[in-house]
Amino acid sequence: MGKTIAEINERIRKGEAVVVTAEEIIDLVEEKGVEEVARTVDVVTTGTFGPMCSSGAFINLGHAQPRIKIHRAWLNEVPAYCGIAAVDIYIGATEMAEHDPLNEVFPGDFRYGGGHVIEDLVAGRRVHLRAEAYGTDCYPNRRWEKDITLEDVKEAWLFNPRNAYQNYNVAVNLSDRVIYTYMGVLRPNLGNANYCSAGQLSPLLNDPLFRTIGVGTRIFLGGGVGYVAWHGTQHNTGVPRAANGTPTRPAGTIAVIGDLRGMSPRYLTGYSILGYGATLAVGIGIPIPVLDEEVVRYAAVRDADISAPVVDYSVDYPQGTGRVLGEVTYAELKSGRIVVEGKEVPTAPLSSYSRAREIAGVLKDWIRQGRFLLTEPVELLPCAARERG
Amino acid sequence: MVRHKIVLHFPHEQVDKPIVSKLVRDYNLDFNILKASITPREEGLLVLEVTGEEADYDRGLEYLRSCGVDIQPLSQDVRRNEERCTHCGACLAVCPTEALRLDRETWEVEFVEDECVACELCVKACPPRAMEIHY
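From first to last, the protein sequence lines are chains G and L. Using our numbering, read the first sequence as starting at 26 and increasing by one per residue. Using our numbering, read the second sequence as starting at 1377 and increasing by one per residue.
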């Protein structure tokens, strides 16, 4: 009684596919039950939008005349990695512009970095390239400066080694001074708790055992189309899980790739994290094909059923002690207050739930309009819990 | 009732005198101190939100001027660049007055300008730098 991806795609082509978001499926299952939803719904769309530091873009600049084998390069004064072929470079999201004061006046501002370069490119703005070389017989040119745009480079692909973390820490500060972290400003003595996940809308929390999301899965990436390239760095599925299969610690991740052309600054936004650095906020949406009832049960997960670990970022995180102060659900986090060590603590998100919802909606429209077909994964991602059966 | 945000500049010779407390005792005004500092040249600066009857407010300000205090309306404004805001919510962690808060229907961050005390903490805590100071 299961469906295949080919059958679902046939329905998408005919404009008959029934598509719901990972939020909508919650009420639907409550109303109609798992069995009926598995029969009548074809695809569940998910979404997330948050800072994802392990991101960047490969750019091939096209050849200069005379030719140059680039040894060092800067885009708007942000260094790019050049240790590949002549005019291929990689601009990483957290690289800072030369002469940025960094944290010399603490907490540093980190106004412009690689994430901002990527945002400028997808926004169609001109970006200044400066390149140096030592010169060879085949590549005699030693200096190259010009303005580039996304239009006129040869290729530009977003290629992010680790995105869309399946669950994440809730950050608090047990010390008596303000700290400035990648999880935002944390006020002393449990002054606030910051979290960063779309919870019930988050792609990998809706397929906790990676039964459908695998290598080659076509996704919404940065406002355009991308693919899951591989499991992400630090992908770790051997973590504690709730009875519903949901990991209660940061767990799986994905590496994603996609053409920067077609993406949008609305879903690829340069971020400056006070006292920490620059990064890129990335929007990702993943379609989950409703193959069977199991898929529905997992995709119907609610914020109240997903727990995240509360971690102290003054000592425990920086020292890597592994201590967890407790667990809270995303329903509690989203209520605005949680209780940690007996104290009521206000919460703040770093992941935009409104934009996550928007992304799940855009992807739903694309599929309903027949513009976006699902792909069969070439290979499933490693997952100890699934492989055990 | 009126409520105004004002900036007071105290001359050097008045810095050590209790002046503002009279607004409460003699003029029936409430005030909330939003910012206070004494510069290296010993000029005092005080940003107040003052609430009271209009007639009392006018008399109170008259009194302050008679003490040599220079008064300006608070023209420095924190505004949100709607294009840049991604509605993440990082600003909620630092906003002391809940002028920035989440609408739990739309999950967008609301900015209630009337409740903003221009402390500027959100300006640098905002990852896309959507909060701007306008003078």
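All C-beta atoms, glycine included, are put in the ideal place defined by N, C-alpha and C.
Beta-carbon contacts of residue i that lie in its chain and below 6 Å, excluding the five residues immediately before and after
i, result
"G:N101", "V142, V152, H153"
"G:R155", "W99, E170"
"L:R1461", "Note on identity: in this sequence residue 1461 of chain L is Cys, with Arg being the wrong assignment. Same-chain partners within the cutoff: A1506."
"L:K1411", "V1423"
"G:E401", "I30"
"G:F135", "S297, G302, A303"
"G:R380", "F74"
"L:T1473", "E1491, V1493"
Any chain G beta carbon closer than 9 Å to residue i
i, result
"L:A1494", "no"
"L:E1484", "yes"
"L:T1462", "yes"
"L:R1456", "no"
"L:V1470", "yes"
"L:G1436", "no"
"L:L1450", "no"
"L:A1475", "no"
"L:R1505", "yes"
"L:K1393", "no"
"L:R1379", "no"
"L:R1480", "yes"
Beta carbon proximity, residue i to chain L, threshold 9 Å
i, result
"G:I50", "no"
"G:Y355", "no"
"G:P213", "no"
"G:D201", "no"
"G:L375", "yes"
"G:V210", "yes"
"G:F74", "yes"
"G:T278", "no"
"G:Y193", "no"
"G:G361", "yes"
"G:R382", "yes"
"G:D125", "no"
"G:I298", "yes"
Among the options, the one whose alpha carbon lies nearest that of residue i
i, options, result
"G:G117", "G:T262, G:V240, G:G140, G:R266", "G:G140"
"G:Y164", "G:Y205, G:E120, G:I95", "G:I95"
"G:L305", "G:T46, G:P76, G:E55", "G:P76"
"G:V241", "G:A303, G:E144, G:I279", "The sequence given here places Gly at residue 241 of chain G; Val does not occur at that position. With distances taken between Cα atoms, G:G241 lies closest to G:I279."
"L:T1415", "L:Y1403, L:A1431, L:V1391", "L:V1391"
"G:P374", "G:G27, G:G72, G:S222", "G:S222"
"L:V1499", "L:S1442, L:N1457, L:D1490", "L:N1457"
"G:I282", "G:I84, G:I51, G:R413", "G:I84"
"G:I37", "G:G367, G:P312, G:E357, G:T71", "G:P312"
"G:V367", "G:Q259, G:D284, G:L215, G:P402", "The sequence given here has Gly at residue 367 of chain G, not Val. Out of G:Q259, G:D284, G:L215, G:P402, G:L215 has the C-alpha closest to the C-alpha of G:G367."
"G:E41", "G:A47, G:I33, G:Y207", "G:I33"
"L:D1402", "L:S1413, L:R1379, L:L1440", "L:L1440"
"G:G361", "G:V349, G:S289, G:V195", "G:V195"
"G:V112", "G:G133, G:F74, G:E157", "G:E157"
"G:A47", "G:V62, G:L183, G:P272", "G:V62"
Nonlocal neighbours in the same chain, by C-beta distance under 8 Å from residue i, ignoring five residues either side
i, result
"L:I1409", "L1422, V1423, L1424"
"L:F1407", "V1396, L1399, V1400, L1424, E1425, V1426, T1427"
"L:E1419", "H1385, F1386, P1387, H1388, V1391"
"G:K28", "D67, P314, V315, L316, D317"
Cβ neighbour criterion (16 or more within 10 Å) applied to residue i
i, result
"L:H1510", "exposed"
"G:Y338", "buried"
"G:L293", "buried"
"G:Q90", "exposed"
"G:I109", "exposed"
"G:H124", "exposed"
"G:E383", "buried"
"G:D67", "buried"
"G:M121", "buried"
"G:D145", "buried"
"L:A1501", "buried"
"G:G149", "exposed"
"G:V197", "buried"
"L:P1504", "buried"
"G:S377", "buried"
"G:T346", "exposed"
Sequence-distant residues of its chain with Cβ nearer than 7 Å to residue i (five each side left out)
i, result
"G:A276", "Q191, N192, N261, T262, V264"
"G:F131", "G300"
"G:F235", "G277, L405, L406, C408, R411"
"G:R286", "L175, A181"
"G:V353", "V195, S332, A333, V335, I363"
Residue-chain proximity (residue i, chain B), Cβ-Cβ < 9 Å
i, result
"L:C1443", "Structure shown: chain B not included; protein chains present are G and L."
When you compare the region 1443–1463 of chain L with the region 1379–1394 of chain L, are there three or more beta-carbon pairs, one atom per stretch, that lie closer than 8 Å? With a cut-off of 8 Å on Cβ pairs, the region 1443–1463 of chain L is in contact with the region 1379–1394 of chain L, counting three or more such pairs.
Could you check whether the region 172–187 of chain G touches the region 334–347 of chain G, counting it as contact only if at least three pairs of C-beta atoms, one from each stretch, sit closer than 8 Å? Contact between the region 172–187 of chain G and the region 334–347 of chain G is absent, because fewer than three Cβ pairs lie under 8 Å.
How do the region 1473–1487 of chain L and the region 1430–1439 of chain L stand: do at least 3 beta-carbon pairs fall below 8 Å, yes or no? Judged by Cβ distances under 8 Å, the region 1473–1487 of chain L makes no contact with the region 1430–1439 of chain L, as fewer than three pairs qualify.
Indicate whether the contact test is met: 3 or more Cβ pairs, each with one atom in the region 387–404 of chain G and one in the region 208–227 of chain G, closer than 8 Å. Cβ pair count under 8 Å is below three, so no.
Is there contact between the region 319–332 of chain G and the region 40–54 of chain G, where contact requires at least three CB pairs shorter than 8 Å? Yes: at least three Cβ pairs fall under 8 Å.
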